[in-house]
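Notes to accompany the following structure.
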Ligand code: C2E
Ligand code: MG
Ligand code: MG
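Numbering (UniProt numbering), first residue to last: 339 to 630.
This is the structure:
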C-alpha cells in the first residue's frame with residue numbers, strides 16, 4: 339500500500355510491517371514539521387528537597403501533540419529524533435523555551451527555581467553546542483545558575499576527553515551539571531571526580547526495587563554515600579511510594595523526583611506552584627498516592 343499525506347511525502351507501508359514500525363515511520367516523517375506547527379511543548383516536573391519537601395528545582399520534559407496521534411511521549415520520538423538529527427533543533431527549542439519561560443516568570447516577580455534540561459549525545463557532540471548555550475542565555479537574559487543540564491553516562495563517555503572540556507566550559511558559565519540515570523551506564527567511577535558535576539540522579543530502577551529488593555537498597559545506599567564523599571548532590575528519581583521516600587530520607591538522600599510528589603505538570607500548573615510563597619511551596623504528596 340502506499341499513502342500520500344498532506345506534506346508531499348510518500349510512505350510505503352508493506353503488510354509485513356508491524357504497527358510499531360508504521361508508527362515509527364509516521365513519527366519520522368511528521369517530526370520535521372512538528373516544531374514549525376507548534377506541536378512541541380514542555381512539561382515541568384518539580385523536584386523536592388527530601389528533607390523539607392520544598393520544591394527546589396524542576397526538570398523540563400518535552401512533549402509532542404501530533405494532531406492524529408494525540409500526545410506522543412519522548413520515549414517514542416526522542417530516539418527517532420536522535421537517529422535523524424532532528425534532536426538538535428528540538429533540543430535547541432527546549433533549551434530556549436525553558437530559559438525564555440523562566441525569565442518571563444522572573445520578570446513577573448515570581449521566585450523561580452533552577453530547571454534541568456536533558457541533553458542527548460548528538461547535542462553534546464555538536465560543535466555549536468557551547469556557543470548555542472551562550473547565545474540562549476544572552477538572548478533570554480536568564481542567569482546561568484537557573485539552567486541545569488542533565489547528561490547520561492553514555493553520552494559523557496562517548497568521548498570522555500571532549501566531555502571533560504565541554505563540562506568545564508559549561509561550569510565556567512555557571513550552569514549546574516548533572517549525571518542522569520546514574521548507576522546503569524558505562525561511566526567509570528574515576529570520572530565522577532574528574533567531571534565538574536554537581537549532582538547525580540540515581541536511576542529509577544534502584545528506587546523501583548525498593549523496598550523488596552535488598553540489592554537495590556544496598557546499591558542505592560552506596561551511591562548516596564559515594565556522592566556524599568565526593569561532595570556531590572544525590573537525587574533519587576521515580577519515587578512513587580511513601581515507603582521509598584522514608585528509606586531515602588533515612589539515608590539522607592538530598593533530592594527527589596517522582597509521582598509521589600508530582601507528575602510532570604503543564605506550564606500553567608507549574609507556574610501556580612511557583613507563585614506560592616516559598617514557605618508554602620512544599621508540595622507534600624499528591625492525592626491517592628499517600629500510603630500512610
Ligand atoms: P528522564 O530524564 O529520566 O526523565 C524522567 C522520566 O521519568 C520522565 O518521563 C518522567 O515523566 C518519568 N517519571 C517521573 N516520575 C516518575 C515516577 O515516579 N515513576 C515513573 N515510572 N516515571 C516517572 P518522560 O517525560 O516520558 O521522559 C522520558 C525520557 O525522555 C527522559 O527520561 C529523557 O531521557 C527523555 N527526554 C525528555 N525530554 C527530553 C528533552 O527535552 N530532550 C532530550 N534529549 N531528551 C528528553
Ligand atoms: Mg532527565
Ligand atoms: Mg558546577
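All C-beta atoms, glycine included, are put in the ideal place defined by N, C-alpha and C.
Whole-Å CB distance - residue i paired with residue j, under 8 Å assumed
| i | j | result |
| --- | --- | --- |
| residue 468 | residue 495 | Actually they are not in contact, since the Cβ atoms of residue 468 and residue 495 sit about 19 Å apart, beyond 8 Å. |
| residue 518 | residue 456 | 7 Å |
C-beta atoms of residue i and residue j nearer than 7 Å
| i | j | result |
| --- | --- | --- |
| residue 554 | residue 562 | no |
| residue 366 | residue 418 | yes |
| residue 484 | residue 452 | yes |
| residue 448 | residue 613 | yes |
| residue 357 | residue 402 | no |
| residue 480 | residue 430 | no |
| residue 702 | residue 378 | As displayed, the chain neither begins before 339 nor continues past 630, which places residue 702 out of reach and without an answer. |
| residue 538 | residue 586 | no |
| residue 540 | residue 521 | yes |
| residue 386 | residue 608 | no |
| residue 424 | residue 369 | yes |
| residue 632 | residue 478 | With the chain running from 339 to 630 in the structure shown, residue 632 is simply not present. |
Option in the options with minimal Cα separation from residue i
| i | options | result |
| --- | --- | --- |
| residue 542 | 528, 557, 606 and 524 | 557 |
| residue 471 | 450, 427, 499 and 445 | 427 |
| residue 576 | 588, 486, 564 and 545 | 545 |
| residue 501 | 525, 480 and 620 | 525 |
| residue 567 | 588, 574 and 536 | 536 |
| residue 359 | 414, 508, 531 and 439 | 414 |
| residue 466 | 532, 507, 421 and 390 | 507 |
| residue 516 | 486, 499 and 532 | 486 |
| residue 390 | 528, 531, 454 and 588 | 588 |
| residue 498 | 477, 514 and 532 | 532 |
| residue 620 | 354, 388, 450 and 476 | 388 |
| residue 610 | 482, 509, 446 and 534 | 446 |
| residue 602 | 534, 376 and 454 | 454 |
Subject >> Cβ contact check for the region 581-591 and the region 549-558: 3 or more pairs under 8 Å >> reply: yes
Original post:
Can you list the beta strand (DSSP E) stretches of 3 or more residues lying completely in the region 384-410, in chain order?
Top reply: 393-404 and 408-410
Original post:
Given 8 Å as the limit, is there contact between the region 394-402 and the region 366-382, that is, 3 or more CB pairs closer than that?
Top reply: yes
Subject >> Segment contact flag, the region 444-461 with the region 478-496, C-beta cutoff 8 Å, min 3 pairs >> reply: yes
Original post:
Are there three or more Cβ pairs, one per stretch, closer than 8 Å when the region 589-597 is compared with the region 386-395?
Top reply: yes
**OP:** Report the residue ranges of all beta strand (DSSP E) runs contained in full by the region 531-617; include only those spanning at least 3 residues, in chain order.
**Re:** 537-540 and 571-574
Original post:
Which parts of the region 495-523 are runs of the alpha helix (DSSP H), unbroken and 4 residues or longer, counting only runs that do not cross its ends?
Top reply: 498-511
Original post:
Mind pulling the beta strand (DSSP E) runs of 3 or more residues that sit fully within the region 422-476?
Top reply: 453-457
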